[in-house]
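If you're matching positions, the sequence shown starts at 1 in the UniProt record's numbering and goes up one per residue.
Even for Gly, the Cβ is constructed at its ideal location relative to N, Cα and C.
To keep things clear, I will list the structure first and then write my remarks on it.
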Amino acid sequence: MSPETGAIFTFGKSSFADNVPSKFWLKNDRPLHLSCGGEHTAVITENGRLLVFGGNNLGQLGLRLKSAASRPSSVKALKSEKVKLVACGRDHTIVCSCGGVVYSAGSNQTGQLGLGHCNNTTSFHLLQPFCDWAPIKMLSAGCNTSAALTEDGRLFMWGDNSVGQIGLGDEGFAAEPREVMVGEQVMWVSCGNRHSAFITVHGDLYTFGESANGRLGLQVEQLSNHRVPQQVQGILGRVIQVSCGGEHTVALTGDDVYTFGRGQHGQLGHGTFLFEVHSPKPLEHFSSSSIKHVSCGENHTAVITDSGLLYTFGDGRHGKLGLGEENFINRFSPTLCTRFLQLSVQTVSGGDDQRMSVSHSLGFNLFDINVSQKVFRSNHLLALKRIKNYFLSSRLLIGCRFPSGFMFNWEINNNSPRTNTQSVMKERVNKSVQTNPDVFLCPSL
């Protein structure tokens, strides 16, 4: 696999293998964007192709009468369109073409397809224009909800509003896109199972919908108005990403990852003693790391660092955390997916019992490191943890020195290289590598 070629990995309940991570490549057409629904997945390639696979019992793949697709299948009905955005809900899918046209397919019991009625469709149908042809920059889909965000910061939502999850007050549902009146421009939106969130251009986070278990992160006096968007307090700095899961929410700032809501499976990442958090709480694990992406599944969470490392935590059933076929237990704190250490993970998406990631090869061969002292940029090395895969000989590293003067040493045991190299995997060393631009490697002689 070359740096120019992306690989897509699936883990959890998969059409490719039972509970074992699988992967596939798209020849000459790199995957750029992906989305996971309840039991289906959609992928957009560099050339604008839409590929779908998984369950199709309600028509969510848009493949008409086909009951399921075990391998990525091109949607022929959209072959003439160059697709740029896709979002998978539990049993429905919405897409947007480069020309600004929105299509939807699948379950429509509460109008989540935005077609003006509540009948399911097994092929992609065109939505009537709803945003004055302003370019759409983002789509999101929840259990029975959909959202579209325009380049000029307007937010449109439709579908189920039984608990206020599309922000339209006391209305029960909306079968066509309706603008959510925010009062300022919106730059990010996320739909969960029964709650939603958006971020304004000023970095303020708003949540609305089902309020149980603290998933909205609102203060007690705000909960009576949960059917309309309200600002979340207690987050330091500007929020740049938010992801809503089944009953929890994850928010990313420039410095921290915050989680709140229900965490009985470990999806909040705060350890085994916090099963419910009602106010945003930063994850200590990432206090010294730079994070580029967060994603929630129904009861699990994924975080990608700037250096392309993938961490997961929460419900481990079916192997959806990607931690190995023998490791299906719940994780209550962020855990590194070591099987992807030789790759740079670009993006990740989670559904009910599945998760997918797009990765690229590092394009950097650690065998080039010799026994003389050498300096590497941390964005090449990515993480000191990866060295363990390469230095399995008697000539092992004896220390790591950073420009700040910090020095970390470990025991040398030439008779047990595996034991020695595992000591490199201490979290504080990894964090230091990610936060320092230069790393001095001092091999033994």
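With a threshold of 16 other CB atoms inside 10 Å of the CB of residue i, please say whether the residue is buried or exposed.
i: T253; result: buried
i: F156; result: buried
i: C98; result: exposed
i: D256; result: buried
i: G164; result: buried
i: H281; result: The residue you asked about is not His; residue 281 is Lys in the sequence shown. Per the 10 Å Cβ criterion, buried.
i: F208; result: buried
i: P31; result: buried
i: N28; result: exposed
i: E81; result: buried
i: W133; result: exposed
i: T305; result: buried
i: Q233; result: exposed
i: Q219; result: exposed
i: F11; result: buried
i: G314; result: buried
i: L236; result: exposed
i: residue 447; result: With the chain covering only 1 through 445, there is no way to say anything about residue 447.
i: D152; result: exposed
i: M181; result: exposed
Is residue i helix, strand or coil by DSSP?
i: L134; result: Reading off the sequence shown, one finds Ala at residue 134, where the question assumed Leu. Of the three classes helix, strand and coil, the one that applies to A134 here is coil, per DSSP.
i: R154; result: coil
i: R346; result: It should be noted that the sequence gives Gln, not Arg, for residue 346. Q346 falls in the strand class under three-state DSSP.
i: V180; result: strand
i: L78; result: helix
i: T110; result: coil
i: R339; result: helix
i: K27; result: coil
i: L149; result: strand
i: D160; result: strand
i: V201; result: coil
i: I166; result: coil
i: L139; result: strand
i: L127; result: coil
i: H117; result: coil
i: V101; result: coil
i: G12; result: strand
Find the nearest neighbour of residue i within the set the options, judged by alpha-carbon distance.
i: H270; options: Q264, L283, R262; result: L283
i: H117; options: S349, P280, Q109; result: Q109
i: H318; options: N330, L223, L61; result: N330
i: E298; options: A251, C244, S288; result: C244
i: I240; options: A212, N193, I166, V294; result: V294
i: S162; options: V228, T335, T122; result: V228
i: N120; options: L139, E171, E276, G62; result: G62
i: D160; options: F124, G114, P135, F198; result: G114
i: R71; options: V277, K82, G55, K84; result: G55
i: Q231; options: V250, I291, A197, V348; result: A197
i: R339; options: K84, L309, F328, T347; result: L309
i: N47; options: K79, C296, N193; result: K79
i: L126; options: G111, H226, V95; result: V95
i: L223; options: K66, S74, F273, S279; result: S279
i: L341; options: F328, S307, F173, A148; result: S307
i: G183; options: G169, N193, G172, V201; result: V201
i: S344; options: G316, V303, S333, G314; result: V303
i: G167; options: D152, S190, E151, T150; result: S190
i: H285; options: F332, E247, E276, E171; result: F332
i: N225; options: S35, F273, D170; result: D170
i: Q112; options: C337, F328, E39, A174; result: A174
i: T249; options: L274, F275, I291, T301; result: T301
i: S129; options: E176, A77, F273; result: Ser is not the amino acid found at residue 129; the sequence shown has Pro there. Selected option, being the one with the closest Cα: E176.
i: E179; options: T150, A7, N213, R238; result: T150
i: L140; options: K66, F124, V242, S22; result: Before going on, a small fix: residue 140 reads as Ser here, not Leu. Of the candidates K66, F124, V242, S22, the one whose C-alpha sits nearest the C-alpha of S140 is V242.
i: C143; options: H92, S289, S104, L65; result: H92
i: W158; options: R194, N213, F328; result: R194
i: R64; options: H40, G106, G316; result: G106
i: K292; options: N57, G192, A251; result: A251
i: E287; options: K84, Y258, S211; result: The residue you asked about is not Glu; residue 287 is Ser in the sequence shown. Comparing Cα-Cα distances from S287 to each of K84, Y258, S211, the minimum goes to Y258.
i: A212; options: L205, Q185, F124, G263; result: G263
i: H40; options: S67, W25, L26; result: S67
i: S349; options: W25, F24, G38; result: G38
With a cut-off of 8 Å on the beta carbons, I'd call residue i and residue j a contact; round off their distance for me.
i: G322; j: F260; result: Actually they do not touch by this definition, with Cβ atoms about 24 Å apart.
i: A42; j: V86; result: 4 Å
i: S146; j: G59; result: Actually they do not touch by this definition, with Cβ atoms about 15 Å apart.
i: T335; j: T312; result: 6 Å
i: L50; j: V75; result: 5 Å
i: C131; j: G351; result: In fact, because the Cβ distance is near 27 Å, the residues do not count as touching under 8 Å.
Does chain D have any CB closer than 8 Å to the CB of residue i?
i: Q264; result: Of the chains in the structure shown, none is chain D; there is only one protein chain.
Restricting to runs no shorter than 3 residues, where is the beta strand (DSSP E) found entirely within the segment 262–334?
276–282, 291–296, 300–305, 310–314
Which runs of the beta strand (DSSP E) spanning at least 3 residues fall entirely within the UniProt repeat "RCC1" (203–255), listed in chain order?
205–209, 239–244, 248–253
Extract the residue ranges of the beta strand (DSSP E) inside the UniProt repeat "RCC1" (48–99), only unbroken runs of 3 or more that lie entirely within it.
50–55, 68–74, 83–88, 92–97
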